[in-house]
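Asker: Shown below is the structure under consideration.
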DNA sequence: ACCGTGTACCTTGTGCTACACAGTAGCTAA
DNA sequence: TTAGCTACTGTGTAGCACAAGGTACACGGT
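Chains as they are written, first to last, in this note's numbering: chain A, 396 to 508; chain B, 396 to 508.
Printed below as a string of structure tokens:
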């Protein structure tokens, strides 16, 4: 067993939650679609076994809500929609995310004082 | 016990490693100093119980190396210095970090297509 | 019509690992 | 002694990877 999960997997922590909420914000989407959209960016690609438990957790926390809707071609789809609580939470997350990235940028581009 | 570690704690994952290496790059520093410097940014503040195990891990992986040096006033200090392997690793981490932040920016600022 | 295969779609369980938190301990100076 | 500086340790938490499992629809062959 190799020493260690990819470091990038650690980096992704928390980020996935932010991205999923950010994607759902623009309109309802279903799980498989989310996975496909995220896969466009190599750095954000996740397996379904990572995504679906997250969606369930967000549902349990009342940040999103799901509804079954027929598919034009294929099995029934579970569409997720952002709830007001989720919207507020998303705004706080975005603010926190920017605080973090700004701080890291300062550390990395640090002028030694 | 409250349900849930702060979300920001999840976000920090992996980030700390990047910041520590980034700080050590500019010259040798000791653990306590690192903790103090990181604490300047609220988003990056970590307890010593988080920092020291990380420093040990980075040492074991050969990315940094430590040496004891006396303090002008106080206990002996353990100074850390970046090794060549650490420098290469840091560059890869920075690239990965930028890939991630760029991707997240696209997702959040996404024009729904 | 029936059957098999592929694909879209959702679910579950186990293990790993970094971080939080709280505690321990020694050394120096006032 | 007190107080601050400095390093270390142990336990718990929680999300992500990985690897399966399972259902429903579409399509081709017969």
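Backbone N, C-alpha and C define an ideal beta-carbon position, used for all residues, glycine too.
Based on the DSSP secondary-structure assignment, which residues constitute the bridge partners of residue 477 of chain B?
Answerer: Partner(s): B:459.
Asker: Within 8 Å (strictly less), CB to CB, does residue 450 of chain A reach chain B?
Answerer: Closer than 8 Å: no.
Asker: Could you give the distance in angstroms between the alpha-carbon of residue 449 of chain B and the alpha-carbon of residue 413 of chain B?
Answerer: Answer to the nearest angstrom: the Cα atoms are 11 Å apart.
Asker: For the stretch 400–411 of chain A, which residues have a beta carbon sitting closer than 9 Å to at least one beta carbon of chain B?
Answerer: Hits within the stretch, in order: 402, 403, 404, 405, 406, 407, 408, 409, 410.
Asker: What is the rounded straight-line gap between the Cα of residue 495 of chain A and the Cα of residue 468 of chain A?
Answerer: Their backbone Cα atoms lie some 42 Å apart in a straight line.
Asker: For residue 485 of chain B, I'd like the list of residues in its chain whose CB is within less than 6 Å of its CB, leaving aside the five on either flank, ordered along the chain.
Answerer: Here the set comprises 416.
Asker: Out of curiosity, what's the CA-to-CA distance linking residue 475 of chain B and residue 447 of chain B?
Answerer: Their Cα atoms are separated by approximately 11 Å.
Asker: Using Cβ-Cβ distances below 8 Å, what residues of the stretch 464–494 of chain B are close to chain A?
Answerer: Per Cβ criterion, the list reads 488, 489, 491, 492, 494.
Asker: Assuming residue 472 of chain B and residue 464 of chain B are in contact, meaning their beta carbons sit under 8 Å apart, how far apart are those beta carbons, in whole angstroms?
Answerer: Going by Cβ atoms, the distance from residue 472 of chain B to residue 464 of chain B rounds to 6 Å, so yes, they are a contact pair.
Asker: According to DSSP, is residue 452 of chain A part of a helix, a strand, or is it coil?
Answerer: If DSSP states are grouped into helix, strand and coil, residue 452 of chain A belongs with the helices.
Asker: So for residue 415 of chain B, helix, strand or coil by DSSP?
Answerer: In this structure, residue 415 of chain B counts as helix in the three-state DSSP scheme.
Asker: Between residue 470 of chain A and residue 502 of chain B, what straight-line distance do the alpha-carbon atoms span, to the nearest angstrom?
Answerer: About 27 Å.
Asker: Once DSSP output is grouped into helix, strand and coil, what is the label at residue 423 of chain A?
Answerer: It is coil, neither helix nor strand.
Asker: Over what stretch of residues does the alpha helix (DSSP H) that includes residue 407 of chain B continue unbroken?
Answerer: Per DSSP, residue 407 of chain B belongs to the alpha helix (DSSP H) from 402–407.
Asker: Shortest alpha-carbon distance to residue 418 of chain A belongs to which of A:489, A:504, A:493?
Answerer: When only C-alpha atoms are compared, the closest one is A:489.
Asker: Taking only the alpha-carbon atoms, compute the straight-line gap between residue 487 of chain A and residue 422 of chain B and give it to the nearest angstrom.
Answerer: Approximately 36 Å, taken between the alpha carbons.
Asker: Look up residue 472 of chain A in the DSSP assignment and say whether it is helix, strand or coil.
Answerer: Reduced to three states, the DSSP call for residue 472 of chain A is strand.
Asker: On the CB-based measure, 16 or more other CB atoms within 10 Å of its CB, does residue 397 of chain A come out buried or exposed?
Answerer: Reliability of the predicted coordinates at residue 397 of chain A is poor, the pLDDT of 38 falling under 50, and the value obtained from them is presented with this limitation in mind. Label assigned to residue 397 of chain A: exposed.
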